[in-house]
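Line order of the protein sequences matches chains A and B. 665 is the number that the numbering used here gives to position 366 of the first sequence; each next residue is one higher, with no gaps. 349 is the number that the numbering used here gives to position 50 of the second sequence; each next residue is one higher, with no gaps. Each residue gets a CB set at the ideal place from its N, CA and C atoms; glycine is no exception. These numbers were taken from a predicted model, which means no experiment stands behind them. What follows is a set of notes on a single structure, which appears directly below.
There are 2 protein chains.
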Amino acid sequence: MSKRRTDGKPTIADVAQRAGVGAITVSRALRDPSLVSDALREKIDAAVRELGYVPNLAARALASTRSDVVGVLVPSLTQHIFADVLRGIYDGIGKTRLHIQVGNTRYDLNEEERLLAELLRHKPAGLIVSGIDQSPTARRMLENANCPVIQVMDLSDDPVNKIIGFSHHNAGKAMTQHLIEVGYRRIGFLSGWMNSRSKGRLSGYVEALEEAGLYDPQLANAAGDLGALALRGSWDKHQYSTPAMGRELLAELWRRVPDLDAVFCNNDVLALGVLFECNARGISVPQDFGIAGFNDEDFMEAASPPLSSVRTHRWKVGHDAVIALRRQLDGEPDDEKVIDVGFDVIKRASTDRGGVLGRAGDANVGTPKPMAVGGGTV
Amino acid sequence: MSKRRTDGKPTIADVAQRAGVGAITVSRALRDPSLVSDALREKIDAAVRELGYVPNLAARALASTRSDVVGVLVPSLTQHIFADVLRGIYDGIGKTRLHIQVGNTRYDLNEEERLLAELLRHKPAGLIVSGIDQSPTARRMLENANCPVIQVMDLSDDPVNKIIGFSHHNAGKAMTQHLIEVGYRRIGFLSGWMNSRSKGRLSGYVEALEEAGLYDPQLANAAGDLGALALRGSWDKHQYSTPAMGRELLAELWRRVPDLDAVFCNNDVLALGVLFECNARGISVPQDFGIAGFNDEDFMEAASPPLSSVRTHRWKVGHDAVIALRRQLDGEPDDEKVIDVGFDVIKRASTDRGGVLGRAGDANVGTPKPMAVGGGTV
DNA sequence: TATGGTGATGGTAGCGCTGCCATCAACAAA
DNA sequence: TTTGTTGATGGCAGCGCTACCATCACCATA
């Protein structure tokens, strides 16, 4: 009796024997039923059911030198932002045979490199990575990955393969222009920690102020300083924002710029903190102070007053990335290398200084339908 | 020239040849360096580096009838709650050779079954699943999975294998008792959509009110009704809460129960909406109305007034689950089948009706150190 | 009738790795 | 010396599946 190392589960050979066909026919019937005649397909399906056969993906991957794994690298798992992108990705995968494997780079290029190397061991069917600031090594790994690579949440003239996102510079500029239009003059930029996308927003903010002759390095420089300050304090190395940070950052910025009359926050969470700080100080929004955030998470609309923000299409970005990936895997042509999904400046009461917007809180640009952004049911 | 189906990447045999050793020795050197002498290990490492060898995980998994995949099933990706659990899981995995594969069940038992079947094709090294309300089929699959299975975020007398979580009933009861203690009498329960964990919280709430002789089915029944209402309205089938939902639900509950003087919200996001609604109506919190949430997300502390909540240890649950998994994989004994990580009732200004708590907003129970819960930097 | 094309099916030979055993040197114990 | 033990190393034979080709029946065309 020779010893077998199997775990006892039925194999494709067992199914083939039971159905009275060759193993390869079973393989075909499972992968693409149209390749097999109806009669055999039914016999095979029956055999699969009777035996409770479960295909072994490792064997499939080994034999075909190609797995069904789609590797996804995001800089953060906790933020709604990337959670939304991920949700779009999962929704795009749907019930296909593809599987997602997520790596959390924590905004660390070395970690990104390491995770990428791990992913490549799987011979992934495709890769989705966040942003464009990979290390040269990582970039080379992506180029040699021998599978479609989609970059997301930013734009670039020179994507590895394809990129889907929007211009953070333009978004930052658009919101700043809105703040200027409604009459704010001393507009600060509030940010905890800056990544390349934040920097794009900041540069848009600076450009808008410069064009309006309102640029003051004091307001702009503060961003970097405050970010450093944020990292030094009780806020640890995890690179995310909290409302408490927003409160502290606003207090600090006010100390430096007493005549500040509005802030453009790098993200909504900071904006929420700013609103709380204003509430606590009894400062009226938007009359005495304007508040704008970024991303338009769902609490922005529900806040009192509703908070202006830049709506970004995170779910769509993730979803479209997978659709593009699937297209490429199916061999369909895909010539658009750069896809700009755009953004919307959502003007709400928190920046309605002159009462010029329509019904307070609802004078949105284009009134796009609300995104499905989740909250907290356990 | 025989045709090879390889993708041209170096294999373990190439490394072995270059290092002048047997393939199996390379295999050992890579898996457990201590099994190989220093001299050979160095030669092998050099060969790996020179060739840029990347192990093929599919081949490894096939040969060893065991993959390095840890399957994780969560009901939602977007909620901070499960994002925190996931972060704990990723942190627990660290730099081990294990990989995570996440499935999003969307609170759907059929989908959970389907995802589980998918996962089992990988011959996973371990499984982490949320909660205890699997379908009988899913339960059977878990029991036959032939790998460690950890259930998380709930408790049960009869775990598949091991469970790590806390009692939602006790947590709901404890917060309700706090509301009673500080003097509220007409305490509502606010919830969008109820899952088994929400129901646990609700039952704790009911029990506390009954024990205090304050139980009124009007307040308690409202929860179910309102949840149904929530699902009917603009809120779609995604089963999460938004602040806007909190506002609408509170308005509806007030219509039914005009003398309502506090609400215990099923989650923090609803509580935030309730606060906004109170702000908008000019109702003073906590004097005229008490607000409590659940989970203690980071905006609760920063709100104005700070909002009371039940702190849950999501990161720890995920982290401990992986640690337990790794223990079992290493063959270490692990007799504790049920791990209760507990919870903390965080008493803040939003429920400080009589001003009995210390400094308003900081009289926490046990003052546990704040959890790292992320916000929104893109 | 001969020929060739088409579609369904099967056999063989790997895919790259590891489990199992064998081997062998070095040394301890009898 | 003989025997046994230990640790390092290697050979062989799969793991379960699919790529590649061969085969064969069937039909259309010359």
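Chain A contact for residue i (CB, 9 angstroms cutoff)
| i | result |
| --- | --- |
| residue 646 of chain B | no |
| residue 409 of chain B | no |
| residue 399 of chain B | yes |
| residue 312 of chain B | no |
| residue 469 of chain B | no |
| residue 315 of chain B | no |
| residue 356 of chain B | yes |
| residue 305 of chain B | yes |
| residue 542 of chain B | yes |
| residue 419 of chain B | yes |
| residue 636 of chain B | no |
beta-carbon residue i near the ligand ZN non-hydrogen atom, thresh 8 angstroms
| i | result |
| --- | --- |
| residue 472 of chain B | The ligand ZN is absent from the structure shown, which contains no ligands of any kind. |
Minimum Cβ-Cβ distance from residue i to chain B less than 9 angstroms
| i | result |
| --- | --- |
| residue 498 of chain A | no |
| residue 330 of chain A | no |
| residue 545 of chain A | yes |
| residue 413 of chain A | yes |
| residue 416 of chain A | yes |
| residue 327 of chain A | no |
| residue 505 of chain A | no |
| residue 568 of chain A | yes |
Local Cβ density within 10 Å of residue i, reported as buried at 16 or more and exposed below that
| i | result |
| --- | --- |
| residue 341 of chain B | exposed |
| residue 536 of chain B | Reliability of the predicted coordinates at residue 536 of chain B is poor, the pLDDT of 49 falling under 50, and no value is obtained from them. |
| residue 367 of chain A | buried |
| residue 424 of chain B | buried |
| residue 510 of chain A | exposed |
| residue 582 of chain A | exposed |
| residue 394 of chain A | exposed |
| residue 315 of chain B | buried |
| residue 636 of chain A | exposed |
| residue 430 of chain A | buried |
| residue 457 of chain A | exposed |
| residue 330 of chain B | exposed |
| residue 426 of chain A | buried |
| residue 652 of chain A | buried |
| residue 530 of chain A | The predicted model places residue 530 of chain A with a pLDDT of 49, which falls under 50 and marks its position as unreliable; any figure quoted below should be read in that light. Residue 530 of chain A should be labelled exposed. |
| residue 512 of chain B | exposed |
| residue 333 of chain B | exposed |
| residue 345 of chain A | exposed |
| residue 337 of chain B | exposed |
Rounded Cβ spacing between residue i and residue j (contact assumed at less than 8 angstroms)
| i | j | result |
| --- | --- | --- |
| residue 609 of chain B | residue 593 of chain B | 5 angstroms |
| residue 488 of chain B | residue 501 of chain B | 6 angstroms |
| residue 403 of chain B | residue 389 of chain A | 5 angstroms |
| residue 570 of chain B | residue 605 of chain B | With 8 angstroms as the limit, residue 570 of chain B and residue 605 of chain B do not qualify as a contact, their Cβ atoms being about 11 angstroms apart. |
| residue 459 of chain A | residue 442 of chain A | 6 angstroms |
| residue 357 of chain A | residue 422 of chain B | 7 angstroms |
| residue 588 of chain A | residue 561 of chain A | 6 angstroms |
| residue 350 of chain A | residue 317 of chain A | 6 angstroms |
| residue 475 of chain A | residue 499 of chain A | Between residue 499 of chain A and residue 475 of chain A the Cβ distance is about 13 angstroms, and since that is not below 8 angstroms, they are no contact. |
Checklist entry - Using a Cβ cut-off of 7 angstroms, which residues of the segment 570 to 588 of chain B contact any Cβ in chain A, in chain order? => result 571, 572, 575, 578, 579
Checklist entry - Looking at chain B, which residues of the segment 596 to 627 of chain A have a Cβ within less than 7 angstroms of any of its Cβ atoms? => result 596, 597, 598, 600, 601, 602, 603
Checklist entry - In chain order, which beta strand (DSSP E) runs of at least 3 residues are fully inside the segment 562 to 642 of chain A? => result 589 to 591, 608 to 611, 637 to 639
Item to check | Positions along the segment 358 to 377 of chain A whose CB lies within less than 7 angstroms of some CB in chain B | outcome: 358, 360, 361, 364, 366, 375, 376, 377
Checklist entry - In chain order, which continuous runs of the beta strand (DSSP E) of length 3 or greater are located wholly inside the segment 401 to 468 of chain B? => result 425 to 429, 448 to 451, 461 to 464
Checklist entry - Taking only runs of the alpha helix (DSSP H) that begin and end inside the segment 306 to 380 of chain A, which ones reach a length of at least 4 residues, in chain order? => result 311 to 318, 322 to 330, 337 to 350, 356 to 363
Next on the checklist: Against chain B, which members of the segment 447 to 476 of chain A pass a CB distance test of less than 8 angstroms?
Outcome noted: 452, 467
Item to check | the segment 382 to 395 of chain B: positions lying closer than 7 angstroms to chain A by Cβ | outcome: 382, 383, 385, 386, 389
Item to check | Interfacial residues, the segment 333 to 356 of chain B to chain A, with Cβ spacing under 9 angstroms | outcome: 353, 354, 355, 356
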